[in-house]
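*Asks:* I have a structure here, written as structure tokens, and I will follow up with some questions on it.
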Amino acid sequence: MNSIRRWLLRWLICGLALACLMAGLGIFRTAQLEAGELFDYELRTVALSLPGNVGAADVAEGRSHDLHGIADDRLVIDIWDKSGRLVYHSPREPALPRFGDGFRSSEREGYRWRAFGVTQPDRFVQVAQPYFVRDDLAITLALRIIWPLALLIPVIVVIVLVVVARGLAPVRSLSRALSARHSESLEPVAISGPMPVELRPLVDALNGLLARLNDASEAQRTFVADAAHELRTPLTALKLQIQGAIGDGSLKVDSATLARIDGRLNRLIHLAQQLLSMAREDAAREAAIAPMSLRALCETRVSDFSLLAETKSIDLGLELEQPHGDLDAFGILGDSHALAVLVNNLLDNAIRHTPRGGRVDVTLRREADGIALTVLDTGPGIPASELERVCDRFYRCVGTQGQGSGLGLAIALRVAERHHATFGAKNRNGTSGLEVSVRGLRAVDMKAQETGLGAVAMR
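Using my numbering, you'd call the opening residue of the sequence shown number 246 and step up by one each time.
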């Protein structure tokens, strides 16, 4: 995956290194030219200023004239008389041929030499110097100029790192804002602080896409809700008309056909109701979340389903584990209507799949991360291969009987997600049946609510 930050740093640092290298070479070349001009001037000055009494006798007797320290620059001085005889040569230096008047360059004795020759009335003077003396001076001068630049390079690298990091900060802010959003949030993206001009088209395009998705999702939810609402009323009316026709004798059908018609009508009515619940839950917002008593809600739901459980001789009950007291309301922050739909679906599924004479238990339990709601039944459970799909919309396990629509657990999962709780379904250990749980419901102190002190989250 390409990284803008890595790409910027790589090119900026490599470009900086290349620019420094080119600058160093330029400085060295300039210093070399300056050193060459300086030493050429020295060669010419020495050649023109040599005393006229320098001769062969000086070489034979080992005398050395005071030439103002020019030996430090490795100068080789040669003097020829009018006849072309060498009358003087610098001690301890290699013998060089006569190059001619003016500045000349030549390769001798394994070195490159720079020489200056001048013809005088009674002699020819030549002063030569190896090129490495010039190069050494050029390197010394270049290093004196470059070392402050070398110290500046780490500072520039740090500045580049800081500038790139600050420049890409809005991108990271946008990334954090997107990653922190809920998977189903379609609200416009907003960045804290000023937004760079370069990011504005991206954010505008993203917000436009989210707006179109929100419109499409809203249209879908509206259609499902309207369709479910419009279907539920005529289906209920049709069922009542059929029952009325059978009651007054105008419709005569056998009991088996009537049972099939009644079962299909009940299933259609149940499906319409579930579709309406799903549409409402999809459109629900956090504004509906408020302090409520989960215990009171479960007691009401268990009471409502007690008659249905009695028809199948099912033992239906509510258990409270680790309550703070006899009056513990198991207060939570939640949407009472949505949680009522969740408990209804869980109880309906449990009773419908539990055989006659079975048992269904609703359990409320305090845990470290909040309140847990669990529904246990003694039904056949769910095959292990299908547990991962039980919360898919319209999915029904193979061999399932009854009037289910395949939306009950999907709606329960959606309600749990909106409450930032975890939803799970698994087969019970050591016995038959299914265990469906909602964990992590946010607990609140209901006594504080009643006394007007506000919601205080309980740890």
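Heads up, the beta-carbon is just placed ideally off N, CA and C, and yes, glycines get one too.
Quick check: phenylalanine 575 and arginine 540, are their CB atoms within less than 8 Å of each other?
*Replies:* Cβ distance < 8 Å, so phenylalanine 575 and arginine 540 count as in contact.
*Asks:* Can you have a look at alanine 395 and say buried or exposed, based on whether 16 or more other CB atoms are within 10 angstroms of its CB?
*Replies:* Alanine 395 should be labelled exposed.
*Asks:* Return yes when the Cβ of isoleucine 272 is within less than 8 Å of the Cβ of isoleucine 398, no when it is not.
*Replies:* Contact flag unset, no.
*Asks:* I'd like the list of long-range same chain contacts for aspartate 285, defined as Cβ closer than 8 Å, with 5 residues on each side in sequence excluded.
*Replies:* Within the same chain, aspartate 285 has close Cβ partners Phe348, Arg359 and Phe361.
*Asks:* Is the beta carbon of glutamine 365 closer than 8 Å to that of alanine 288?
*Replies:* The question names alanine, yet the displayed sequence has leucine at residue 288. Taking 8 Å as the Cβ cut-off, leucine 288 and glutamine 365 do not qualify as a contacting pair.
*Asks:* Any chance you could list the alpha helix (DSSP H) runs of at least 4 consecutive residues sitting entirely within the stretch 309-382, in chain order?
*Replies:* Whole alpha helix (DSSP H) segments, 4+ residues: zero.
*Asks:* Hey, how far is the Cα of aspartate 622 from the Cα of arginine 505?
*Replies:* Those two C-alpha atoms are separated by around 27 Å.
*Asks:* Would you check if the distance between the CB atom of glycine 624 and the CB atom of glycine 678 is smaller than 8 Å?
*Replies:* Closer than 8 Å, so yes.
*Asks:* Tell me which residue opens and which closes the beta strand (DSSP E) that glutamate 566 is part of.
*Replies:* From DSSP, the beta strand (DSSP E) with glutamate 566 extends over 560-566.
*Asks:* Which residue wins for smallest C-alpha separation from serine 682, given the options Gln371, Val620, Val405 and Glu662?
*Replies:* Of the listed residues, the one whose Cα sits closest to serine 682 is Val620.
*Asks:* Specify, as a first and last residue, the run of the alpha helix (DSSP H) that leucine 553 falls within.
*Replies:* Note, leucine 553: alpha helix (DSSP H), 539-556.
*Asks:* Which residues in the same chain have their Cβ closer than 7 Å to the Cβ of histidine 664, if we skip the five residues on either side of it in sequence?
*Replies:* So the list reads Gly579 and Leu686, once near-sequence residues are dropped.
*Asks:* According to DSSP, which residues form a beta bridge with valine 684?
*Replies:* Looking at the sequence shown, residue 684 is not valine but arginine. Its beta-bridge partners are Thr667.
*Asks:* Which residues bound the alpha helix (DSSP H) around glycine 260?
*Replies:* That run of the alpha helix (DSSP H) goes 249-294.
*Asks:* Please report the distance separating the alpha-carbon of leucine 542 from that of alanine 585.
*Replies:* Cα to Cα, leucine 542 sits roughly 7 Å from alanine 585.
*Asks:* How would you label arginine 389, buried or exposed, when you count the other beta carbons within 10 angstroms and need 16 or more for buried?
*Replies:* It is exposed - the Cβ of arginine 389 has fewer than 16 other Cβ atoms within 10 Å.
*Asks:* Between the C-alpha atoms of lysine 671 and isoleucine 627, what's the straight-line distance to the nearest angstrom?
*Replies:* Whole-angstrom Cα-Cα distance: 8 Å.
*Asks:* Do leucine 455 and proline 433 have their C-beta atoms within less than 8 Å of each other?
*Replies:* It is a contact, given that the beta carbons lie within the stated cut-off.
*Asks:* In whole angstroms, what separates the C-alpha of isoleucine 322 from that of arginine 368?
*Replies:* Using only the alpha carbons, I get a separation of about 13 Å.
*Asks:* Bridge partners of glycine 579, per DSSP?
*Replies:* Its beta-bridge partners are Ala535.
*Asks:* Can you name the start and end residues of the alpha helix (DSSP H) that arginine 673 belongs to?
*Replies:* Premise fails: arginine 673 is in no alpha helix (DSSP H) and is neither H nor E.
*Asks:* Which residue marks the beginning of the beta strand (DSSP E) containing valine 605, and which one marks its end?
*Replies:* Residues 604-612.
*Asks:* Please state the DSSP three-state secondary structure of alanine 425.
*Replies:* Coil at alanine 425, not helix or strand.
*Asks:* Scan the stretch 381-422 and note each continuous alpha helix (DSSP H) run of 4 residues or more that stays entirely inside, going in chain order.
*Replies:* With a minimum length of 4 residues, no continuous alpha helix (DSSP H) run stays inside the stretch 381-422.
*Asks:* Going along the chain, which residues of its own chain have a beta-carbon closer than 6 Å to the beta-carbon of tryptophan 325, five neighbours each way excluded?
*Replies:* Closer than 6 Å at Cβ, skipping near neighbours: Leu331 and Phe369.
*Asks:* So leucine 341 and arginine 353 are in contact, right, with Cβ under 8 Å, and what is the actual spacing, rounded?
*Replies:* Between arginine 353 and leucine 341 the Cβ distance is about 6 Å, and since that is below 8 Å, they are a contact.
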